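Trainee: Under our numbering, the first residue of the sequence shown carries the number 167, and numbering increases by one thereafter.
Each residue gets a CB set at the ideal place from its N, CA and C atoms; glycine is no exception.
The structure presented is a predicted model; accordingly, all values stated were derived computationally and were not measured.
Sharing a structure below in structure tokens format, with a few things to ask.
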Amino acid sequence: MTLPYDDEGTLLIIDLNEHKARVESIPKDIHGKYFIGLGYNTWLLNQKTNPETDPLGKENVVIVSPGLLTGTNAPATPRVEVTTKSPLTGILGTGNSGGYWGPNLKKAGYDSLLITGASEEPVYVLIEDQRVQFMDAESYWGVDTYEITDKLKEVHGSEASIMAIGPAGERLVRFAAPVFDKQHMPGRCHAGGVLGSKKLKAVVVKGTNEIKTRDPETFNKVMKEAETRIRSYPAWKARSRAGSMGTIGVNEEGVDYDDIVGPYIVHGPKGVYCPCSLEPLYGCNILANIKDDPYSDTDVACAGLTLYSGTAERYGISLPAAFYFNELCQRVGMDMFGPFFFVYELTQRGLLSEEQLGYRLEYGNEEHLIKLLNMVAYREGFGDILAEGSKRAAEKIKGAEKYVPAVKGLEVMRPDARASLKGNTFTAMSILTNPRGGDDLKGTHGVSNYPGRASWAKKLGITEEEHAEWLVDWLDMPRDYKQKVFGEPYDVAHPDELLMTIWYNHLTSVYNSLGFCMFASSVAEVLGPTLLAKFYSAATGNMVSSEEIMIAGERVFNLMRVYVNRMGVTAADDHWPETYYEEPGLSGEEDSPPFSKNDTQSLLDRYYRMRGWNPKTGKPLPETLKRLEID
Ligand code: SF4
Numbered sequence: 167m168t169l170p171y172d173d174e175g176t177l178l179i180i181d182l183n184e185h186k187a188r189v190e191s192i193p194k195d196i197h198g199k200y201f202i203g204l205g206y207n208t209w210l211l212n213q214k215t216n217p218e219t220d221p222l223g224k225e226n227v228v229i230v231s232p233g234l235l236t237g238t239n240a241p242a243t244p245r246v247e248v249t250t251k252s253p254l255t256g257i258l259g260t261g262n263s264g265g266y267w268g269p270n271l272k273k274a275g276y277d278s279l280l281i282t283g284a285s286e287e288p289v290y291v292l293i294e295d296q297r298v299q300f301m302d303a304e305s306y307w308g309v310d311t312y313e314i315t316d317k318l319k320e321v322h323g324s325e326a327s328i329m330a331i332g333p334a335g336e337r338l339v340r341f342a343a344p345v346f347d348k349q350h351m352p353g354r355c356h357a358g359g360v361l362g363s364k365k366l367k368a369v370v371v372k373g374t375n376e377i378k379t380r381d382p383e384t385f386n387k388v389m390k391e392a393e394t395r396i397r398s399y400p401a402w403k404a405r406s407r408a409g410s411m412g413t414i415g416v417n418e419e420g421v422d423y424d425d426i427v428g429p430y431i432v433h434g435p436k437g438v439y440c441p442c443s444l445e446p447l448y449g450c451n452i453l454a455n456i457k458d459d460p461y462s463d464t465d466v467a468c469a470g471l472t473l474y475s476g477t478a479e480r481y482g483i484s485l486p487a488a489f490y491f492n493e494l495c496q497r498v499g500m501d502m503f504g505p506f507f508f509v510y511e512l513t514q515r516g517l518l519s520e521e522q523l524g525y526r527l528e529y530g531n532e533e534h535l536i537k538l539l540n541m542v543a544y545r546e547g548f549g550d551i552l553a554e555g556s557k558r559a560a561e562k563i564k565g566a567e568k569y570v571p572a573v574k575g576l577e578v579m580r581p582d583a584r585a586s587l588k589g590n591t592f593t594a595m596s597i598l599t600n601p602r603g604g605d606d607l608k609g610t611h612g613v614s615n616y617p618g619r620a621s622w623a624k625k626l627g628i629t630e631e632e633h634a635e636w637l638v639d640w641l642d643m644p645r646d647y648k649q650k651v652f653g654e655p656y657d658v659a660h661p662d663e664l665l666m667t668i669w670y671n672h673l674t675s676v677y678n679s680l681g682f683c684m685f686a687s688s689v690a691e692v693l694g695p696t697l698l699a700k701f702y703s704a705a706t707g708n709m710v711s712s713e714e715i716m717i718a719g720e721r722v723f724n725l726m727r728v729y730v731n732r733m734g735v736t737a738a739d740d741h742w743p744e745t746y747y748e749e750p751g752l753s754g755e756e757d758s759p760p761f762s763k764n765d766t767q768s769l770l771d772r773y774y775r776m777r778g779w780n781p782k783t784g785k786p787l788p789e790t791l792k793r794l795e796i797d
């Protein structure tokens with residue numbers, strides 16, 4: 167039996183040194199405090215690794231855990247978290263993914279998978295309920311993630327779910343990632359190269375057990391309540407049509423994103439992306455549909471993501487080329503936000519020559535970008551250096567080090583943060599305080615333009631003010647917290663952005679630990695702590711309040727911080743690269759002025775105080791750890 171029905175969870179341990187598997191229990195005092203997913207993974211990583219652990223050595227571990235409620239029929243709960251000591255940053259490598267693999271692991275009878283040791287020869291692991299086998303993967307080594315998924319499904323049946331690494335993971339690219347059932351990649355976990363170093367090509371899972379809840383009747387009532395709230399959220403109409411691109415509205419040139427994306431997408435059948443009732447509402451069933459060469463066979467699901475429009479914009483390429491770029495990243499198993507834009511910047515600054523790179527890289531040239539991607543994934547030519555990530559590569563490029571666009575060693579998802587985050591404290595602080603570095607996915611991701619874009623409000627047929635008022639009313643947040651955030655009376659245009667960041671740090675930590683998808687929180691959460699507490703209580707039989715749910719989120723967020731502090735992160739690492747404070751970005755002083763270091767420091771100091779962290783060291787204070795019961 168598995169959580170949430172049982173009192174104790176089940177951890178499956180794969181020992182690749184010995185090609186043996188065994189199980190251990192996950193005690194209630196651990197999953198009761200941290201849930202599973204991100205929370206348990208962080209706790210276990212803290213037990214299994216230390217500052218001396220070589221991320222690409224056999225002593226490192228990879229932990230793959232569905233959330234505590236993954237596999238139940240709560241909306242948007244197929245998620246699985248992959249965590250390791252990152253070979254890119256040396257700190258926390260963790261990423262979240264959807265699809266069928268997480269629910270299948272639960273159905274096989276396991277709440278978490280711990281991968282240890284390293285095999286001499288390539289293997290894949292086959293999990294069929296209690297039966298765990300180590301299979302020869304020699305003939306699959308070198309094959310991309312799409313191909314191996316098809317091949318293994320042919321051998322083990324279409325109901326099998328497959329997590330696999332591609333050529334990038336095999337070649338120990340430091341930002342490689344495993345891919346679940348072709349279309350799902352926890353891109354920023356960096357576990358691909360770790361699995362490659364362990365010679366583990368894939369984990370195939372087939373599960374036949376039922377995932378039970380303690381109080382199914384109440385659980386179903388909560389589901390209905392959640393569904394009513396989800397359906398009353400006005401954004402779903404735009405989202406169901408064109409995914410998150412549909413919520414962007416109209417761009418600066420007055421072109422509607424619905425019209426841009428429309429010709430290239432088609433709606434797939436139910437369940438094409440995740441076993442999730444929100445799939446059609448959020449447009450996750452949207453598939454790329456490109457009829458013309460050279461990208462006509464592109465195989466990408468959830469094609470309505472703003473990720474694609476962002477990629478097209480970043481490299482000056484077409485939307486079909488951005489779809490194709492994403493497919494290739496999934497095929498080779500590699501984070502699409504690696505050092506790619508850094509290479510463009512260095513080329514533009516004249517620091518990386520045609521001779522060094524091996525060809526002349528032109529902005530807007532689609533073939534050039536694809537060539538770069540393949541060079542890195544297969545470590546060909548200069549790609550071998552870039553496969554080490556921006557920071558290490560810069561050590562080999564004269565004058566490049568000061569331009570490394572990374573926080574805590576992880577590339578910032580925005581190519582020129584000075585331009586794109588001007589005045590956007592939400593996103594800036596979410597990036598700077600993300601324990602893994604580099605992005606705002608553990609914070610205000612998706613709510614960064616709170617209280618809402620004018621064009622989107624217009625699209626909904628209401629004024630921006632009406633939209634903002636509706637939004638603040640809609641937020642599932644205690645009244646006293648809302649008053650602190652928005653003041654009294656509410657001033658929705660000027661919220662306390664740090665309080666908002668902290669709120670979403672905690673809420674996201676809960677999502678990632680219970681197995682809920684961030685899409686249920688992006689823009690404004692349709693599933694807030696009230697419903698999460700009800701789901702958890704009905705599923706486990708342990709009654710918790712919405713306040714306790716948020717405290718659990720705070721606990722998980724602080725535990726991540728404890729881990730990265732232990733790996734050497736200090737308050738100084740919560741800053742932008744020095745150059746961001748000293749010079750404008752490439753688009754010039756007016757569009758991309760330097761950040762103010764003093765302002766950033768003031769924000770950070772206040773953030774530490776609000777959190778109960780030591781402003782000098784950036785570590786949680788002993789009393790904070792005690793309050794949160796972190797041992
Ligand atoms: S909202 Fe979309 S991405 Fe999230 S779990 Fe549901 S189908 Fe998957």
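1. Can you name the start and end residues of the alpha helix (DSSP H) that ASP181 belongs to?
2. Which runs of the beta strand (DSSP E) fall wholly inside the region 363-429 and span at least 3 residues, in chain order?
3. On the premise that TYR439 lies in contact with ASN455, defined as a C-beta separation below 8 Å, what is that separation, rounded to the nearest angstrom?
4. DSSP three-state label for PHE346, please.
5. Would you mind working out which of GLY609, ASN731, LEU169 and THR593 sits nearest THR379, comparing C-alpha positions?
6. Distance check for MET301 and ASN226, CA to CA, integer angstroms please.
7. Near GLY609, what residues of its chain come up, given a Cβ to Cβ distance below 6 Å and the 5 sequence neighbours on each side ignored?
8. Does the beta-carbon of ALA368 have 16 or more other beta-carbons within 10 angstroms, so that it is buried, or is it exposed?
9. For the beta strand (DSSP E) that contains GLY259, what are its first and last residues?
10. Who are THR250's beta bridge partners in DSSP?
11. Suppose only complete runs of 3+ residues qualify. What are the beta strand (DSSP E) ranges in the region 285-348, listed by chain order?
12. PHE685: beta carbon under 8 Å from a heavy atom of ligand 1?
13. For the alpha helix (DSSP H) containing ALA634, name the first residue and the last one.
14. Give me, in chain order, the residues of the same chain whose beta-carbon lies closer than 8 Å to that of THR783; leave out the 5 immediate sequence neighbours on both sides.
15. Check PRO695 in the structure and name its three-state DSSP category.
16. Can we count ARG245 as close to ligand 1, meaning its CB is less than 8 Å from some heavy atom?
17. So is GLY499 buried or exposed if we call it buried at 16+ other beta carbons inside 10 Å?
18. Considering only the alpha carbon of each residue, which of TYR569, ALA240 and PRO750 lies closest to LYS588?
19. Just reading off the alpha helix (DSSP H) that GLU714 is part of, what are its end residues?
20. Who does LEU576 pair with in a DSSP beta bridge?
21. Note down the Cα distance separating MET709 from LYS568, rounded to an integer number of angstroms.
22. Work out the CA separation of PRO695 and TYR430 for me, nearest whole Å.
23. Do you know whose CA, among SER278, GLY353 and GLY437, lies nearest ALA334's CA?
24. Less than 9 Å between the C-beta atoms of PRO505 and GLY555, yes or no?
25. Looking only at its chain, what residues have a beta carbon closer than 8 Å to the beta carbon of ARG602, apart from the 5 residues adjacent to it on each side?
26. Any contact between the region 277-284 and the region 228-243? By contact I mean 3 or more CB pairs, one from each, below 8 Å.
27. Got a sec, what are the start and stop residues for the alpha helix (DSSP H) SER679 sits in?
28. Checking the sheet assignment: what are the DSSP bridge partners for HIS534?
29. If we call anything under 9 Å between Cβ atoms a contact, is MET411 one with VAL371?
30. Which residues bound the alpha helix (DSSP H) around VAL498?
31. Any idea if ASN529 is buried or exposed, counting beta-carbon neighbours within 10 angstroms, 16 or more meaning buried?
32. Pull up the distance between the alpha-carbon of SER614 and that of THR591, whole angstroms please.
33. For GLY778 and LEU698, what's the separation of their Cα atoms in angstroms?
34. Rounded to whole angstroms, what is the Cα-Cα separation between GLY198 and ASP381?
35. Taking C-alpha atoms, which residue in ASP757, GLU532 and PHE652 lies nearest to LEU494?
36. Are the beta-carbon atoms of PHE346 and GLY434 separated by less than 9 Å?
Mentor: Based on what the coordinates show:
1. The continuous stretches of alpha helix (DSSP H) do not include ASP181, which lies in the beta strand (DSSP E) extending over residues 175-181.
2. The beta strand (DSSP E) runs lying completely inside the region 363-429 and spanning 3 residues or more are 366-372, given in chain order.
3. Between the beta-carbon of ASN455 and that of TYR439 there is about 15 Å, and that puts the pair past the 8 Å contact cut.
4. In the three-state reduction of the DSSP assignment, PHE346 falls in the strand class, which pools E and B.
5. A check of alpha carbon separations from THR379 across GLY609, ASN731, LEU169 and THR593 identifies LEU169 as the nearest.
6. If you take the alpha carbons of ASN226 and MET301, they lie about 22 Å apart.
7. Counting only residues of its own chain and dropping the five nearest sequence neighbours on each side, GLY609 has a CB closer than 6 Å to the CB of SER596, THR667, TYR670 and ASN671.
8. The residue in question, ALA368, is buried, as its Cβ has 16 or more Cβ neighbours within 10 Å.
9. Start and end: 258-263.
10. The partner list for THR250 (beta bridge, DSSP) reads VAL228 and GLY259.
11. Entirely contained in the region 285-348, the beta strand (DSSP E) runs reaching 3 residues are, in chain order, 289-294, 297-302 and 327-330.
12. Relative to ligand 1, the beta carbon of PHE685 is positioned inside 8 Å of a heavy atom.
13. Annotation: the continuous alpha helix (DSSP H) that includes ALA634 extends over 630-640.
14. For THR783, where only same-chain residues beyond five positions count, the Cβ hits under 8 Å are ASN731, THR736 and ALA737.
15. Secondary structure at PRO695: helix, using DSSP grouped into helix, strand and coil.
16. Yes, since a heavy atom of ligand 1 falls inside the 8 Å radius drawn around the Cβ of ARG245.
17. Answer is buried; the Cβ neighbour count reaches 16.
18. Selected option, being the one with the closest Cα: PRO750.
19. GLU714 -> alpha helix (DSSP H) spans 712-732.
20. Within the DSSP secondary-structure output, LEU576 pairs in a beta bridge with VAL573.
21. Distance between the alpha carbons of MET709 and LYS568: 51 Å.
22. Cα to Cα, the separation comes out at about 37 Å.
23. If we check each option's Cα against that of ALA334, GLY353 comes out closest.
24. Yes.
25. Closer than 8 Å at Cβ, skipping near neighbours: SER252, THR255, ILE257, LEU258, GLY259, THR260, ARG354, LYS574, LEU576, LYS608, MET726 and VAL730.
26. Yes: the two stretches touch, three or more of their Cβ pairs being nearer than 8 Å.
27. Per DSSP, SER679 belongs to the alpha helix (DSSP H) from 663-680.
28. According to DSSP, which records beta bridges pairwise, HIS534 is partnered with nothing at all.
29. Cβ atoms of MET411 and VAL371: not closer than 9 Å.
30. Boundaries of the alpha helix (DSSP H) around VAL498: 485-498.
31. Rather than Asn, the amino acid found at residue 529 in this sequence is Tyr. Flag for TYR529 reads exposed.
32. Note that SER614 has pLDDT 48, beneath the 50 cutoff, so the model's placement of it is unreliable and no number is given.
33. The straight-line gap separating the alpha-carbon atoms of GLY778 and LEU698 is approximately 25 Å.
34. One C-alpha to the other measures close to 17 Å.
35. Distances from the alpha-carbon of LEU494 to those of ASP757, GLU532 and PHE652 put GLU532 closest.
36. It is not a contact, given that the beta carbons lie outside the stated cut-off.
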